[in-house]
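Here the protein sequences come in this chain order: V and D.
Residue numbering for the first sequence follows the numbering used here, starting at 1 and increasing by one per position.
Residue numbering for the second sequence follows the numbering used here, starting at 1001 and increasing by one per position.
Glycine included, C-beta positions come from ideal geometry on N, C-alpha and C.
2 protein chains.
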Amino acid sequence: MTEENELIEIVSKTNIARRPTIIDVAELVGVSRQTVSRVLAEHPRVASETRRRVKEAIVELDFRPNRMARALVTQTSMTFGIASVDIRNLHFAETCSGMQTLARQQGYHLVVTELDLDDAGGIGTLETLLSLGVDGIVIFPNILTDADLAAFADSCGRPVVTMGRVTRIPGIVSIALDETAAAGTLVDHLLATGKRRIGLLMNQMFPQVPHERYRALQHAIETGLGEDAAPFESDEPTIEGGKRAAARLVRSHPDVNAIIAFNDTVAMGAMVALRELGRRIPADISVVGYDGIPYGAVTEPPLTTIVQDNRAMAEAAFRALLDGAAYGSPPSGEVQTWKPELLIRGTT
Amino acid sequence: MTEENELIEIVSKTNIARRPTIIDVAELVGVSRQTVSRVLAEHPRVASETRRRVKEAIVELDFRPNRMARALVTQTSMTFGIASVDIRNLHFAETCSGMQTLARQQGYHLVVTELDLDDAGGIGTLETLLSLGVDGIVIFPNILTDADLAAFADSCGRPVVTMGRVTRIPGIVSIALDETAAAGTLVDHLLATGKRRIGLLMNQMFPQVPHERYRALQHAIETGLGEDAAPFESDEPTIEGGKRAAARLVRSHPDVNAIIAFNDTVAMGAMVALRELGRRIPADISVVGYDGIPYGAVTEPPLTTIVQDNRAMAEAAFRALLDGAAYGSPPSGEVQTWKPELLIRGTT
DNA sequence: CTGTTAGCGCATTCAG
DNA sequence: CTGAATGCGCTAACAG
Chain V
1 MTEENELIEI VSKTNIARRP TIIDVAELVG VSRQTVSRVL AEHPRVASET RRRVKEAIVE
61 LDFRPNRMAR ALVTQTSMTF GIASVDIRNL HFAETCSGMQ TLARQQGYHL VVTELDLDDA
121 GGIGTLETLL SLGVDGIVIF PNILTDADLA AFADSCGRPV VTMGRVTRIP GIVSIALDET
181 AAAGTLVDHL LATGKRRIGL LMNQMFPQVP HERYRALQHA IETGLGEDAA PFESDEPTIE
241 GGKRAAARLV RSHPDVNAII AFNDTVAMGA MVALRELGRR IPADISVVGY DGIPYGAVTE
301 PPLTTIVQDN RAMAEAAFRA LLDGAAYGSP PSGEVQTWKP ELLIRGTT
Chain D
1001 MTEENELIEI VSKTNIARRP TIIDVAELVG VSRQTVSRVL AEHPRVASET RRRVKEAIVE
1061 LDFRPNRMAR ALVTQTSMTF GIASVDIRNL HFAETCSGMQ TLARQQGYHL VVTELDLDDA
1121 GGIGTLETLL SLGVDGIVIF PNILTDADLA AFADSCGRPV VTMGRVTRIP GIVSIALDET
1181 AAAGTLVDHL LATGKRRIGL LMNQMFPQVP HERYRALQHA IETGLGEDAA PFESDEPTIE
1241 GGKRAAARLV RSHPDVNAII AFNDTVAMGA MVALRELGRR IPADISVVGY DGIPYGAVTE
1301 PPLTTIVQDN RAMAEAAFRA LLDGAAYGSP PSGEVQTWKP ELLIRGTT
């Protein structure tokens, strides 16, 4: 009878898709599951002989602990979430990749998610990320308002880091480029090369989120030139968007002899449009971008750009999450700004 | 005494980071947790008045069901994993983005992960993905051997889809470009433009994974020209890698008048190197790539390339996972190849 | 050093 | 239509 029961048990355990559990390992070795659990946790108080046999069984059964079950009881999943409106953006991909490297070293995993604008303006996606059990979240908050972010951070009970935009919100660590310094450097450079008619190509701005980059650039231009606001066009941050915006800008302001684009992708689109309009770069008109993506090096001429240290910023974000996870909550509203570097190439 | 206990309970529940559970909702409404559970599952047999009150309480408490707890009992997490050696690759990012859109529509989530080559050649990363509870996995298997993939698929008990390389492995659905057709189209095009000295710039190949693209190209060249194998160089699939490989190729084979690159990024690197060497494109030498990334349209001249329908392929991959999750296991070793499209621009 | 008991948050039986 | 009991796989707190 006992044999029969065991047989049934074995059959049901050989079922499709069923992976071995801690109990299977315990039974094979002839110990309790607690002992197996201790071996997994590298707990010191286990007899080395027992430890050896358990590890053997783990290998033999190809056992992997179920991280969800573990997370349910430890209340920590060793997983961070990272969210952006567009995961195809190279600046974001670079940051992801950098965080991934660090995460692996610390035994963490990353859940990458694209923000769904339709779902309560992205907050819905973040909530789902939470329900997935992540221990902290990095947000590229291009489109989330400070109010939304504050409400979310307040209710989520986990460390939240925003990147790419300075957010002075209690409980949120903000990691961003020093936009003031970047704008100053760029405008100084353009003025030094004799270009004084500067136009801007900006990211399509959601009215509730005026972009800091835009404000910093306008401010730098006003102080540098002693003039009113520079002309600008907004469109989606793609090559096509850059083409459209540049065409519109040059049509409405034919005297513009320098263009600062929201990022390198937009700048590259602008270069195409300008070439089609017969403008020589940089003789007739200069073009600069932000981010320093690799593709900017292959345009003709190569693109001058503001480089940010993606890896270092990714590392800072990861550390902020780790600290927050360790101490319960992050330092209130800490803002880290990073120094930009101007990479002068052929378009200026 | 009862009051005191309740107070303690309330205090502990107001603890940091503690999110409301199904029990909190049940208590607020004055029903059992099963009733709340039924409302969540849109179970029909709940009184509409009860349902209304429960939904109210859910909104009031800002309750979100814990997906890990749910997964533990349902044995399904509504989560798919997607893994690649390089998440910065635009072809991969595009696929991710496409799958993300579909996943959201179906209530699924995506866990994106970068394969760790040091960790048992990437298999270790995949195992961790499994322990995270994903219901299926998409792998960009550039560097995994068929043997490793077969062993993994066999033991994992969940649907596995590979993309980008034809893998004829039982239990794995393989989605890839029709490399034979692509190679034929490309070589025909080059021959039609009078280029007969073709060189190849390939991805740095791991010896255990001879790449199908390489073989298909060599085969097409041999049949088209009636000649021996074309010269080739291998390097990492980046702009810098493309520059290096192209420089080496042109040095060792100065008569080459057409270059087929592993992908657009490599092709763009090659263009830079060729320009530095004083070769005119396409007059002296033609260049073509694969993938049809947006940046290929910005080079001077714009890059001729083999375009794959990323969105359609992403959709196919997602459907394969869904079917596999529904029926228990995927069709044995199904291989889906997709027709390439030649986008002729300025470099040929 | 090891086993026992309890419970994480939820869904799935079964009773009413 | 609703409630009570049971367990998913694992770890924490206590016993021994």
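Selected residue, minimal CA-CA separation from residue i, among the options
i: D/Ile-1189; options: D/Lys-1243, D/Ile-1259, D/Asp-1086; result: In the sequence under discussion, the amino acid at residue 1189 of chain D is His, which differs from the Ile named in the question. Minimum Cα distance to D/His-1189 is reached at D/Ile-1259.
i: V/Ile-293; options: V/Asp-309, V/Ser-286, V/Glu-212; result: V/Asp-309
i: V/Leu-186; options: V/Arg-251, V/Arg-168, V/Lys-339; result: V/Lys-339
i: D/Leu-1149; options: D/Leu-1126, D/Ser-1131, D/Leu-1132, D/Asp-1135; result: D/Leu-1126
i: D/Gln-1204; options: D/Thr-1238, D/Ala-1229, D/Thr-1223, D/Leu-1225; result: D/Thr-1238
i: D/Ala-1093; options: D/Gly-1030, D/Val-1029, D/Met-1078, D/Ala-1314; result: D/Ala-1314
i: D/Leu-1115; options: V/Asp-116, V/Gln-100, V/Leu-117, V/Ile-87; result: V/Gln-100
i: V/Gly-226; options: V/Arg-196, V/Pro-210, V/Asp-255; result: V/Arg-196
i: D/Ala-1103; options: D/Val-1046, D/Phe-1063, D/Phe-1080; result: D/Phe-1080
i: V/Gln-336; options: V/Val-288, V/Ile-221, V/His-253, V/Val-161; result: V/Val-161
i: V/Leu-321; options: V/Thr-299, V/His-43, V/Gln-106; result: V/Gln-106
i: D/Met-1078; options: D/Asp-1135, D/Leu-1303, D/Leu-1117; result: D/Asp-1135
i: D/Arg-1038; options: D/Leu-1028, D/Ser-1097, D/Ile-1022; result: D/Ile-1022
i: D/Thr-1050; options: D/Val-1031, D/Ala-1041, D/Arg-1067; result: D/Val-1031
i: D/His-1109; options: D/Leu-1132, D/Ser-1252, D/Leu-1090, D/His-1091; result: D/Leu-1132
i: D/Leu-1028; options: D/Glu-1056, D/Arg-1045, D/Ala-1041, D/Pro-1044; result: D/Glu-1056
i: D/Leu-1177; options: D/Val-1272, D/Arg-1053, D/Tyr-1290, D/Asp-1264; result: D/Tyr-1290
i: D/Arg-1018; options: V/Gly-124, V/Gly-98, V/Ser-155; result: V/Ser-155
Cut-off 7 Å between Cβ atoms - residues of its own chain near residue i, not counting five sequence neighbours on either side
i: D/Arg-1213; result: Glu-1179, Phe-1262
i: V/Glu-4; result: Note on V/Glu-4: pLDDT 36, under 50, position unreliable in the model; the coordinate value appears next. The answer is none, since no qualifying residue turns up.
i: D/Ile-1058; result: Val-1025
i: D/Thr-1167; result: Pro-1141, Asp-1146, Leu-1149, Ser-1174
Neighbourhood of residue i by C-beta, 6 Å cutoff - its chain only, sequence neighbours within 5 removed
i: D/Leu-1249; result: Gly-1199, Glu-1233
i: D/Ala-1216; result: Glu-1179, Thr-1180, Ala-1183
i: D/Ala-1229; result: Gln-1218
i: D/Ile-1139; result: Ala-1083, Thr-1162
i: V/Ile-221; result: Val-187, Ile-198, Ala-230
i: D/Gly-1346; result: Pro-1301, Pro-1302
Presumed contact (8 Å Cβ cut-off) between residue i and residue j, rounded CB distance
i: V/Leu-342; j: V/Ile-306; result: 6 Å
i: V/Ala-83; j: V/Leu-129; result: 6 Å
i: D/Met-1159; j: D/Ala-1325; result: Sequence check: residue 1159 of chain D is Pro here, not Met. Sure, about 6 Å apart at Cβ, within 8 Å.
i: D/Pro-1020; j: D/Leu-1040; result: The pair is not a contact, with the Cβ atoms about 13 Å apart (cut-off 8 Å).
i: D/Leu-1072; j: V/Leu-72; result: 6 Å
i: V/Ile-88; j: D/Leu-1090; result: First, the residue type needs correcting, since residue 88 of chain V is Arg and not Ile in the sequence shown. Contact flag correct, Cβ pair sits at about 7 Å.
i: V/Gly-333; j: V/Ile-172; result: 6 Å
Limits of the unbroken alpha helix (DSSP H) element including residue i
i: V/His-219; result: 212-225
i: D/Thr-1074; result: 1067-1074
i: V/Phe-80; result: V/Phe-80 -> not in any alpha helix (DSSP H); beta strand (DSSP E) instead, spanning 79-84.
Nonlocal neighbours in the same chain, by C-beta distance under 8 Å from residue i, ignoring five residues either side
i: V/Leu-201; result: Phe-232, Glu-233, Ser-234, Asp-235, Gly-242, Ala-245, Ala-246, Leu-249, Ile-259, Ile-260, Ala-261, Phe-262, Val-266, Ala-267, Ala-270
i: V/Thr-348; result: His-189, Leu-190, Thr-193, Lys-195, Ala-258, Pro-282, Ser-286, Val-287, Val-288, Thr-304
i: D/Arg-1275; result: Ile-1281
i: D/Ile-1344; result: His-1189, Thr-1304
Per-residue contacts from residue i into chain V (C-beta, under 9 Å)
i: D/Asp-1062; result: Glu-127, Ser-155
i: D/Leu-1109; result: As written in the sequence, residue 1109 of chain D is His, which differs from the Leu given in the question. Val-111, Thr-113, Thr-128, Leu-129, Leu-132, listed in chain order.
Beta strand (DSSP E) segment containing residue i, residue limits
i: D/Val-1112; result: 1109-1114
i: V/Tyr-295; result: Neither: V/Tyr-295 is in no beta strand (DSSP E) and is coded neither H nor E.
i: V/Thr-304; result: 304-307
i: D/Asp-1235; result: 1232-1235
i: D/Leu-1144; result: Careful: D/Leu-1144 lies outside any beta strand (DSSP E) and carries neither H nor E.
i: V/Gln-336; result: 335-338
i: V/Leu-28; result: Taken as a continuous stretch (DSSP letters only), V/Leu-28 belongs to no beta strand (DSSP E), being part of the alpha helix (DSSP H) at 22-29.
i: V/Ser-174; result: 172-177
i: D/Ala-1261; result: 1258-1261
i: V/Asp-264; result: Per DSSP, V/Asp-264 belongs to no beta strand (DSSP E); it is in the alpha helix (DSSP H), 264-276.
Beta-carbon neighbours of residue i, restricted to chain D and to distances below 7 Å
i: V/Glu-94; result: Arg-1088
i: V/Arg-104; result: Asp-1116
Interface partners of residue i on chain V, CB under 8 Å
i: D/Val-1272; result: Ala-297, Val-298
i: D/Ser-1097; result: Asp-86, Ile-87, Arg-88, Glu-114
i: D/Gln-1100; result: Ile-87, Thr-113, Glu-114
Within chain D, the residues that residue i reaches when beta carbons sit closer than 8 Å
i: V/Arg-18; result: Gly-1157
i: V/Ile-239; result: Pro-1294, Tyr-1295, Ala-1297, Val-1298
i: V/Met-268; result: Tyr-1295, Val-1298
Closer than 7 Å: residue i CB and nearest the ligand ADP heavy atom
i: V/Val-111; result: Inclusion of the ligand ADP in the displayed structure is not the case, the ligand content being empty and no account of it being possible.
Beta-carbon neighbours of residue i, restricted to chain D and to distances below 9 Å
i: V/Leu-72; result: Asn-1066, Met-1068, Ala-1069, Leu-1072
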